[in-house]
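Colleague: The numbers in the numbering used here rise by one with no breaks, and the one at position 200 of the sequence shown is 371.
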Amino acid sequence: MSGTVTVKNVTLGEGMPKICVPLVGTTLSELREEAEALKALAPDVVEWRSDFFSQVEDIAAVTEVLGEIQQILPEIPLIFTFRSAKEGGEKEISTEYYFRLNKAAVESGYVDIVDVELFNGEQEVRGLIATAHDNAVFVIISNHDFHGTPSQDEIVSRLRRAQELGGDLPKIAVMPQSAGDVLTLLAATNMMQEQYADRPIITMSMAGEGVISRLAGEIFGSALTFGAAHKPSAPGQVAVAELRSVLELLHRSL
Numbered sequence: 172m173s174g175t176v177t178v179k180n181v182t183l184g185e186g187m188p189k190i191c192v193p194l195v196g197t198t199l200s201e202l203r204e205e206a207e208a209l210k211a212l213a214p215d216v217v218e219w220r221s222d223f224f225s226q227v228e229d230i231a232a233v234t235e236v237l238g239e240i241q242q243i244l245p246e247i248p249l250i251f252t253f254r255s256a257k258e259g260g261e262k263e264i265s266t267e268y269y270f271r272l273n274k275a276a277v278e279s280g281y282v283d284i285v286d287v288e289l290f291n292g293e294q295e296v297r298g299l300i301a302t303a304h305d306n307a308v309f310v311i312i313s314n315h316d317f318h319g320t321p322s323q324d325e326i327v328s329r330l331r332r333a334q335e336l337g338g339d340l341p342k343i344a345v346m347p348q349s350a351g352d353v354l355t356l357l358a359a360t361n362m363m364q365e366q367y368a369d370r371p372i373i374t375m376s377m378a379g380e381g382v383i384s385r386l387a388g389e390i391f392g393s394a395l396t397f398g399a400a401h402k403p404s405a406p407g408q409v410a411v412a413e414l415r416s417v418l419e420l421l422h423r424s425l
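(1) Do you know whose CA, among 236, 242 and 213, lies nearest residue 252's CA?
(2) For residue 391, count neighbouring Cβ atoms within 10 angstroms of its own Cβ and tell me buried if that reaches 16, exposed if not.
(3) Measuring only the C-alpha atoms, how far is residue 371 from residue 351?
(4) Can we say the segment 201-211 touches the segment 178-189, given the rule of at least three CB pairs closer than 8 Å?
(5) Classify residue 314 as helix, strand or coil using the three-state DSSP reduction.
(6) Helix, strand or coil: how does DSSP classify residue 223 here?
(7) Based on DSSP bridge pairs, tell me the residues matched to residue 410.
(8) Should residue 389 and residue 353 be called a contact, given that it needs their Cβ atoms to be closer than 8 Å?
(9) Please check the pair residue 219 and residue 183, which I expect to be a contact at CB under 8 Å, by giving their CB distance rounded to whole angstroms.
(10) Of the choices 424, 394, 421 and 382, whose alpha-carbon is the least far from that of residue 410?
(11) Which runs of the alpha helix (DSSP H), 4 residues or longer, sit entirely within the segment 184-261?
(12) Step through the CB atoms of chain C and report whether any lies within less than 8 Å of the CB of residue 364.
(13) What is the DSSP secondary structure of residue 360, reduced to helix, strand or coil?
(14) Rounded to whole angstroms, what is the Cα-Cα separation between residue 291 and residue 282?
(15) Under the three-state reduction of DSSP, which class applies to residue 309: helix, strand or coil?
(16) For a quick check, are the C-beta atoms of residue 296 and residue 273 less than 8 Å apart?
(17) Might you give, ordered along the chain, the residues of its own chain that have their beta carbon closer than 6 Å to the beta carbon of residue 368, omitting 5 neighbours on each side?
(18) Just to confirm the assignment, what range does the alpha helix (DSSP H) spanning residue 374 have?
(19) Give a yes or no on whether the C-beta atoms belonging to residue 345 and residue 324 are separated by under 8 Å.
(20) Are there 16 or more other CB atoms within 10 angstroms of the CB of residue 276, so buried, or fewer, so exposed?
(21) Rounding to the nearest angstrom, what Cα-Cα distance links residue 176 and residue 306 in this structure?
(22) Would you report the Cα separation of residue 300 and residue 200, rounded to the nearest angstrom?
(23) Do residue 386 and residue 356 come within 8 Å of each other at the CB atom, strictly closer than that value?
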């Protein structure tokens, strides 16, 4: 049975999956507006997808945005994410800058969780995890496959690898080509949660076909689901109010 992770007042890994909403503005003013609008939606967690930000290659500008988000949403846990182009993100940066950017975010004092992509050098990933933990920041170790759905064993293997590396929240998102692929993701989630996980995990099948995986996390073992406020950051994200309504319905039935 997997454990829990408590960030600010939010405990991941118990009860209903928590709802995370991405901020995807391209400028500081857009991000301010988005953050203000999120107050009314009251998500459990907010993720800043910094790869959408036009000045992401300026660490001072990135730090300024983090400070603004923290000021507007001080009670809500904040995930810092730069999603690389190879994993479905908006732009590509050098590996060296990727780690420098994430290290700066972790050390800024404004971030509660950092997302680190699994398929990077082990030494760099472990180093960033250590820096995050030294700064009381939790780590999502993530993998995104926008082309297909690996086998059940491969999905479990990647989640186990994220756990072995020291990630607090192993995460995988895959693209279904059929309803069977969605079942593969759900079966892998259930297997990981029941047999191997000693911490919360995050899984999803993307696009329209995979929507059920964003709703059924409490049944199969995914601790966090991503909902859209205005613009989704990945295919298949459901609007927050609808997402919460379904999660509550399922929770009451269990």
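All C-beta atoms, glycine included, are put in the ideal place defined by N, C-alpha and C. Bear in mind the structure is a predicted one, so any value in this text is a computation, not a measurement.
Modeller: From the atom records:
(1) Numbered from its first residue, the sequence shown carries residue 252 at position 81. When each option's Cα is compared against that of residue 252, the closest is 236.
(2) To locate residue 391, count along the sequence shown from 1; it is residue 220. Residue 391 should be labelled buried.
(3) Sequence index remark: in the sequence shown, residue 371 carries index 200 (1-based). Sequence index remark: in the sequence shown, residue 351 carries index 180 (1-based). About 25 Å.
(4) no
(5) In the sequence shown, counting from the first residue as 1, residue 314 sits at position 143. Three-state DSSP puts residue 314 in a strand.
(6) As a first step, residue 223 is located in the sequence shown; it is residue number 52 there, counting from the start. Here residue 223 sits in helix by DSSP.
(7) Your numbering for residue 410 matches position 239 in the sequence shown. DSSP lists 399 as partners of residue 410.
(8) Position 218 of the sequence shown, counting from 1, holds the residue named residue 389. Position 182 of the sequence shown, counting from 1, holds the residue named residue 353. Not a contact, by the Cβ cut-off of 8 Å.
(9) Your numbering for residue 219 matches position 48 in the sequence shown. Your numbering for residue 183 matches position 12 in the sequence shown. Not a contact, Cβ separation roughly 18 Å.
(10) Within the sequence shown, the letter at position 239 stands for residue 410. Per the Cα distances, 382.
(11) 199-212 and 230-243
(12) Here chain C cannot be found, since the structure has a single protein chain.
(13) Looking up residue 360 in the sequence shown gives position 189. Three-state DSSP puts residue 360 in a helix.
(14) Counting from one through the sequence shown, the residue named residue 291 turns up at place 120. Counting from one through the sequence shown, the residue named residue 282 turns up at place 111. Approximately 21 Å between the Cα atoms of the pair.
(15) Translated into positions along the sequence shown, residue 309 becomes position 138. DSSP places residue 309 in strand when its eight states are reduced to three.
(16) Working through the sequence shown from its first residue, we reach residue 296 at position 125. Working through the sequence shown from its first residue, we reach residue 273 at position 102. Contact flag unset, no.
(17) Within the sequence shown, residue 368 is the residue found at index 197, counting from 1. 173, listed in sequence order.
(18) The count along the sequence shown starts at 1 and reaches residue 374 at position 203. Residue 374 -> not in any alpha helix (DSSP H); beta strand (DSSP E) instead, spanning 373-376.
(19) What you label residue 345 is simply residue 174 of the sequence shown in a count that begins at 1. What you label residue 324 is simply residue 153 of the sequence shown in a count that begins at 1. Against a cut-off of 8 Å, the Cβ pair of residue 324 and residue 345 comes out as no contact.
(20) Reading the sequence shown from its first residue, position 105 is the one you call residue 276. Under this definition residue 276 is a buried residue.
(21) For this step, residue 176 is matched to residue 5 along the sequence shown. For this step, residue 306 is matched to residue 135 along the sequence shown. Cα-Cα distance, rounded: 16 Å.
(22) What you label residue 300 is simply residue 129 of the sequence shown in a count that begins at 1. What you label residue 200 is simply residue 29 of the sequence shown in a count that begins at 1. Going from the Cα of residue 300 to the Cα of residue 200 covers about 31 Å.
(23) Counted from its first residue, the sequence shown places residue 356 at position 185. Counted from its first residue, the sequence shown places residue 386 at position 215. No.
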